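J.: Be aware that the sequence shown starts at 1, since it is given in full-length UniProt numbering, and climbs by one per residue.
The structure's right below; bear with me while I get my questions together.
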Amino acid sequence: MTSSSMDMSLEERQKILEEWNQTESKYPYDKIIPELFEKQIEKVFHQVALIYKSNTLTYNDLNDQANQLAHHLREIGVKRNTLVAICMEPCFELLIGILGILKSGGAYIPLDPNNPALRQKIILSDSCAKILITHSQLANQFEEITTSQMICWDAIKSKLATYPTTNPKHVNQTSDLAYVIYTSGSTGKPKGVMITHRNVNHFMHWFGKAISISSKDIFDFSSSISFDFSVACTLFPLIKGIKIAICSETDKRDPYLYINHLQDTHVSIIKITPSRFRQINGIVLGENKILNLKYIVFGGETLLARDIEDWLKKFPKHKLFCEYGPTEATVASSWMIIDKNNIDQYKHRIPIGKPALNTSLFILDKNMHPVSVGVLGELYIGGDGIAKGYLNKKKLTEKKFVKNPFNSGKLYKTGDLCCYLKDGTIEFVERKDHQIKIRGFRVEIGEIEKCLASYTGIQHIVILARSERDEFEEKQLVAYCVPTGSAKLNTNDLRDYLKNRLPDYMVPAFFVILDELPLSASGKLDTHKLPEPGPEAKESNQVIKPRNEIEITLKKIWSETLNLKHIGIHDNFFDLGGNSLSAARLITKIRKVTHKNILLQDLYNTETIAHLANVIHNAADIFEDENGNHRPPPLKAMPLNELQFLFWLMKLFYPRSKVTNIVTRKRIAGNLDKKKLDSVFELLCKNHPMLCYRIARYSPLQYPQKIFFNLKSLKRTLVT
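Right, here's the structure in full:
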């Protein structure tokens, strides 16, 4: 027993173990996810469930299509706990697919389509997923790496339409699996966390109690489907009957487009990592943009007070919801709300809060005894959110999910070192092991080291997470490599090797080649003597200078963003230590200086100053709409295409002919709201500018089309 435990009074022990963990709350724990969803459908079947770009899908249609998929999956052998992988870019079918898998009785394994093929292979092989649901354009990457039965949604869409739309009979118990999410593993391979229906039901209950929602709310879905953030952004709003605005792959990568997405869809709740929030923070505050948000839910990594102070000054009504929790505890286990009234209490880190409902949090010493207020210890989590364990990893499950010494059930051993504040709030301090967080994702250093060790010619490897400014700064991975004998290591080859095997957030920003590793007097590795990445690791040996004004401007912005002096126009941004976060900052600066409409994807496609300069030279100027939002520039006049040219000829020689007209009729039940109909046409024209074009009557053959549209001139006839 530690001195802290021995000195603890009976009163303090009772307060820590019991009073601070009085979180019991009744909820329908005997219900599975499809039951909860279908009960909600009865109330909101006619309401919009999903928004994607300018398209919508109602709850009724969502349920019908999910049911059809579920019937098909059962027909091909899906039963209780059958694992079904799903890999799609953000779209309606992704949400339909998840619901369909759950309704069939199976459990879903989400695969990020951006993962390297080798990682997809490892997950599919480890999970023994019987079926993989995807789209045809993604199918090629799976054909040679899996034995799973592949279902391409677009190929069987017409077949699915022949299945019943009735709700399938429920076959699951609450202890059955709902999903398996893979996280980084210290053994060199990712591990699958098994989450049950009861686990998810528990999260839905406490999260729904913690935030105040209404039918008018719209939840943003822009996180990776393989990140358990997605559960809060998909299953939670669907079970609560509120809308989900699905952010496209392109829009979520570019901070400007993401902000446009939030504004266009009138999102009121977003869930975001602090790293990603920093991308939009500077743009929103710097360019005085307005976001009508109700809640910003932070998670995935430590939130700093300096990240949100200015935001709360501009948006004092916004509620910032900070949550904490590993995947093994079903999305989140603790929470607190930060607003203008309490932000001044925190100078650096924002605490991780207090236990969620039906959750126990204990900070214990190495003997699993409780520690006093202010004393560092390891955080253990208990309650209804604790996962079933790791898929096909019994020993690891027994090691991490231990017996609860204070109550029944299991505790999850987090590896996070924390301490109690005076009021019972918990503050995260550091990790006990080599696990770190990069952009909200859990990363086991050991997995990267083992992957890199398989590269021929490496004798020793050490990987550290370093930050340039202070301990609260965003960390970047640095790989220190010692070659074997006379082997020559090339940093570009090492980076490419890892890119083909690991997600991008696990690829080190810098590679440092050393003759030997520094050792202490006792013969152990001395990490303090490992050099910070210097010019030899970051900067180019052959600097080719800028040749024109655009390249000079870009070099200056690159130098400021990467904190480097010597950069050549052919140097690769990502080889110099750039990552997705610094890339977003770079594009923001370039847009501000050049006033050109370039996107984050342009940097990924070009990677060098020389190539990006060509893109900027040909790019259109930034156009701002009436709200100050950056948009693609208005369409310019264009020549007629072949079909339009034929129509034009018909009208010119046969002006009274109606052959080119397309007439349709729609019957509307109930009273027609003219204002809403007007707004629908306005929205259509806003999202599809081509609808605003009109072919001029007496123009020459190649005369460009002119914008001529006036909603007031539209004739509407009410038929009774």
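Glycine residues also receive a C-beta, built at the ideal position from the N, C-alpha and C atoms.
Treat the numbers as computed from the prediction; the structure is a model and nothing was measured.
Using the Cα positions of N358 and L95, report the straight-line distance between them to the nearest angstrom.
T.: Rounded to the nearest angstrom, the two C-alpha atoms are 28 Å apart.
J.: When the Cβ atoms of the stretch 355 to 369 are set against those of the stretch 22 to 31, are three or more pairs found closer than 8 Å?
T.: Counting Cβ pairs under 8 Å, three or more are found: they touch.
J.: How do the stretch 35 to 55 and the stretch 238 to 253 stand: do at least 3 beta-carbon pairs fall below 8 Å, yes or no?
T.: Segments in contact, yes.
J.: Going residue by residue through the stretch 392 to 474, where are the continuous beta strand (DSSP E) segments of at least 3 residues, counting only ones entirely within it?
T.: Fully enclosed beta strand (DSSP E) runs of 3 or longer: 401 to 403, 410 to 420, 426 to 431, 435 to 438, 441 to 444 and 458 to 466.
J.: Can the beta-carbon of I270 be found less than 9 Å from the beta-carbon of S222?
T.: Closer than 9 Å, so yes.
J.: Nearest CA to the CA of N605: which residue from N55, D621 and I587?
T.: That would be I587, whose Cα lies nearest to the Cα of N605.
J.: Can you give the Cα-Cα distance for H71 and G409, rounded to whole angstroms?
T.: One C-alpha to the other measures close to 36 Å.
J.: Looking only at its own chain, which residues have a Cβ that is under 7 Å from the Cβ of L519, when we skip the five neighbours before and after it?
T.: For L519, where only same-chain residues beyond five positions count, the Cβ hits under 7 Å are L525 and D526.
J.: With DSSP as the reference, identify every bridge partner of P34, one or two as the case may be.
T.: Partner(s): none; P34 has no beta bridge.
J.: Please report the residue range of the beta strand (DSSP E) in which D310 lies.
T.: Careful: D310 lies outside any beta strand (DSSP E), inside the alpha helix (DSSP H) at A305 to K314.
J.: So what does DSSP say about V331, is it helix, strand or coil?
T.: Coil.
J.: Can you look up I550 in the DSSP assignment and give me helix, strand or coil?
T.: Helix, per DSSP.
J.: Rounded to whole angstroms, what's the CA-CA distance from L235 to I151? Just pull it up for me.
T.: Roughly 22 Å separates the two Cα atoms.
J.: Could you check which residue in P164, T82, S360 and K499 has the C-alpha nearest to that of G424?
T.: The candidate whose alpha carbon is nearest that of G424 is S360.
J.: Rounding to the nearest angstrom, what Cα-Cα distance links K15 and G523 in this structure?
T.: The straight-line gap from Cα to Cα measures roughly 45 Å.
J.: Compute the Euclidean distance between the alpha carbons of H566 and V543, then round it to the nearest angstrom.
T.: Each residue's Cα considered, the two are about 7 Å apart.
J.: Near D602, which residues of its chain fall below 7 Å by C-beta distance, leaving aside the five closest residues on each side in sequence?
T.: So the list reads L612 and V615, once near-sequence residues are dropped.
J.: Quick one, which of R591, I211, I609 and T484 has its alpha-carbon nearest K545's?
T.: Among R591, I211, I609 and T484, the Cα nearest to that of K545 is on I609.
J.: Three or more C-beta pairs closer than 8 Å, one from the stretch 340 to 349 and one from the stretch 373 to 384: is that the case here?
T.: Output reads no: the stretch 373 to 384 does not touch the stretch 340 to 349.
J.: Identify whether I587 lies in helix, strand or coil by the three-state DSSP scheme.
T.: Helix, per DSSP.
J.: Would you check if the stretch 417 to 437 and the stretch 481 to 498 touch, i.e. whether three or more CB-CB distances between them fall below 8 Å?
T.: Touching, no, given that fewer than three Cβ pairs across the two stretches are closer than 8 Å.
J.: On the premise that I308 lies in contact with L291, defined as a C-beta separation below 8 Å, what is that separation, rounded to the nearest angstrom?
T.: 14 Å between Cβ atoms; not a contact.
J.: At which residues does the alpha helix (DSSP H) containing K243 begin and terminate?
T.: From DSSP, K243 is part of no alpha helix (DSSP H) but of the beta strand (DSSP E) over K243 to I246.
J.: Which residues bound the alpha helix (DSSP H) around V284?
T.: Where V284 is concerned, the enclosing alpha helix (DSSP H) stretches over P274 to G286.
J.: Pull up the CB-CB distance for residue 732 and D30, whole angstroms please, since I reckon it's below 8 Å.
T.: This structure cannot speak to residue 732, because the chain is shown only from 1 to 720.
J.: For M336, which option in K209, C451 and R80 has the closest C-alpha, if you only look at C-alpha atoms?
T.: Nearest C-alpha to M336: K209.
J.: Mark L576 as exposed unless 16 or more other C-beta atoms lie within 10 angstroms of its C-beta, in which case mark it buried.
T.: It is buried - the Cβ of L576 has at least 16 other Cβ atoms within 10 Å.
J.: Secondary structure at Q40, three-state DSSP: helix, strand or coil?
T.: The answer is helix: DSSP assigns Q40 an H, G or I state.
J.: Cutting at 7 Å between CB atoms, please list the residues of its own chain near S248, excluding the five before and the five after it.
T.: Taken in chain order, the residues that qualify are K53 and P90.
J.: Under 7 Å Cβ to Cβ from M1, same chain only, skipping five residues before and after it: list those, please.
T.: Low per-residue confidence applies at M1: pLDDT is 45, beneath 50, and the placement is therefore not dependable, though the value from the model is reported in the following sentence. Answer for M1: N367 and H369, listed in chain order.
J.: Mapping the DSSP letters down to three states, classify M506 as helix, strand or coil.
T.: The answer is helix: DSSP assigns M506 an H, G or I state.
J.: Please report the distance separating the alpha-carbon of F229 from that of I590.
T.: When rounded, the distance between both Cα atoms is 31 Å.
J.: Can L235 be considered in contact with the ligand MN, in the sense that its beta carbon sits closer than 8 Å to one or more heavy atoms?
T.: Only the bare structure without any ligand can be found here, which leaves the ligand MN out of the picture.
J.: Taking buried to mean at least 16 other C-beta atoms within 10 Å of its own C-beta, is R74 buried or exposed?
T.: Per the 10 Å Cβ criterion, buried.
J.: Around the Cβ of P316, are there at least 16 other Cβ atoms within 10 angstroms (buried) or fewer (exposed)?
T.: The residue in question, P316, is exposed, as its Cβ has fewer than 16 Cβ neighbours within 10 Å.
J.: What does a CB cutoff of less than 7 Å around I213 pick up in its chain, not counting 5 residues either side in sequence?
T.: Same-chain partners within the cutoff: K240 and I242.
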